[in-house]
Amino acid sequence: MKIDLLKQSLYLEMESFYLITTEDDGEDLRTIRSLMGGLVRKARKVIPADDDVRVKIHKLLQLMYGDWGFECDPQHYFQTENLYLSYVLRSHRGMPVSLGCILLYLADKLALPLYPVMFPTQLILRADVDNEVAFIDPWDGKYLNQQDLQKLYEGTFGFGATMSQEDLAVAKPHELRERFAQLAKSCLIREEHNDAALKYIESRLLNYKYEDYPYKAFEPYERRDRGLVLAQMGAYHAAVEDLQYFVEKCPDDPTAFMLMAQLPEIKKELHNDLLH
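In terms of our numbering, the sequence shown opens at residue 1 and continues consecutively.
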């Protein structure tokens with residue numbers, strides 16, 4: 001696995017998300033790249049190349065969360081705008097995945113050993129220096145010790161739940177892309193940005209046509225999400241097809257049981273539409 005690909009994969013996915021889901025024909029892309037380049041140049045001026053690696057990482061975090069004032073806004077945490085780099089770079093507000101994306105991009109350009117970790121609660125970063133590992137929360141740029149990580153883990157899975165080494169391992173590029181996609185779809189669907197959600201899902205479904213695509217097994221979930229969007233849009237016939245496909249392919253999934261209960265109501269809406 002190429003390290004530069006790993007560090008840039010989240011940034012590239014966020015660029016792709018912007019291009020697919022907006023209608024400005026990529027007009028903001030030049031601005032995004034200009035702002036990112038500006039951050040790289042500022043960081044290089046402040047962080048000497050011959051500094052100790054640990055010192056350079058500390059200075060980068062101080063720049064990002066101190067001097068530049070990037071932060072997560074808990075009041076608007078799951079808003080879709082936090083997934084658009086143009087907004088995050090202008091407002092200096094985002095969520096862990098978007099701020100982590102910027103940190104990883106800068107780490108790549110500065111040759112710093114920062115890597116993404118697909119922790120169950122959110123994206124976190126790890127610094128690997130001289131056979132020692134430190135974990136960083138992109139929410140605020142602070143270091144996380146084992147007790148902090150355990151507390152976050154138990155907050156999701158319950159008291160006494162135990163982390164595994166896999167929970168703290170360096171993520172693979174396609175894992176990052178899939179995790180971002182799930183979050184992005186959730187935000188779009190919840191805010192009823194149906195046209196954008198539909199375009200994003202259908203662009204991803206194209207990938208599953210290739211037999212060697214690593215996450216081909218997730219095709220039913222994309223079909224499920226498309227079905228939910230189509231139902232919100234009133235396209236009940238197509239929605240029923242997608243949702244039934246998911247239930248048949250993933251009958252033991254918890255959401256399949258909920259959909260089984262909802263499908264009769266959706267079919268009723270379809271029937272009413274046909275009558276009118």
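Glycine residues also receive a C-beta, built at the ideal position from the N, C-alpha and C atoms.
Beta carbon of histidine 76, beta carbon of arginine 90: below 9 Å? no
From proline 173 to arginine 126, what does the alpha carbon distance come to, in whole angstroms? 15 Å
Where the beta strand (DSSP E) containing glutamate 81 begins and where it ends: Unbroken run through glutamate 81: none, as it is neither H nor E.
Could you check what DSSP says for cysteine 277 in three-state terms: helix, strand or coil? With the chain represented from 1 up to 276, any question about residue 277 goes unanswered, as that position is not in the structure.
Nearest-angstrom Cα distance between glutamate 269 and glycine 234? 9 Å
Using a Cβ-Cβ cut-off of 8 Å (strictly less than) and excluding sequence neighbours within five positions of tyrosine 348, which residues of its own chain qualify? Since the first residue shown for the chain is 1 and the last is 276, residue 348 is missing from the structure and cannot be characterised.
Could you tell me the alpha carbon to alpha carbon distance between alanine 111 and valine 55, rounded to whole angstroms? 13 Å
Counting beta carbon pairs with one atom in the region 124–142 and one in the region 187–207, are three or more of them shorter than 8 Å? no
From lysine 151 to leucine 168, what does the alpha carbon distance come to, in whole angstroms? 14 Å
What are the start and end residues of each continuous beta strand (DSSP E) run of 3 or more residues lying completely inside the region 95–121, in chain order? 114–117
DSSP on glutamate 166, reduced to helix/strand/coil? helix
Inter-stretch contact at 8 Å, needing at least 3 Cβ pairs: the region 34–52 / the region 140–156: no
Burial state of lysine 59 (16 or more Cβ within 10 Å): buried
With a threshold of 6 Å on Cβ separation, who are the neighbours of lysine 2 within its own chain once the five nearest residues in sequence on each side are excluded? In this prediction, lysine 2 scores a pLDDT of 48, lower than 50, which makes its location untrustworthy; the coordinate-derived value is nonetheless stated afterwards. Hits under 6 Å: none found.
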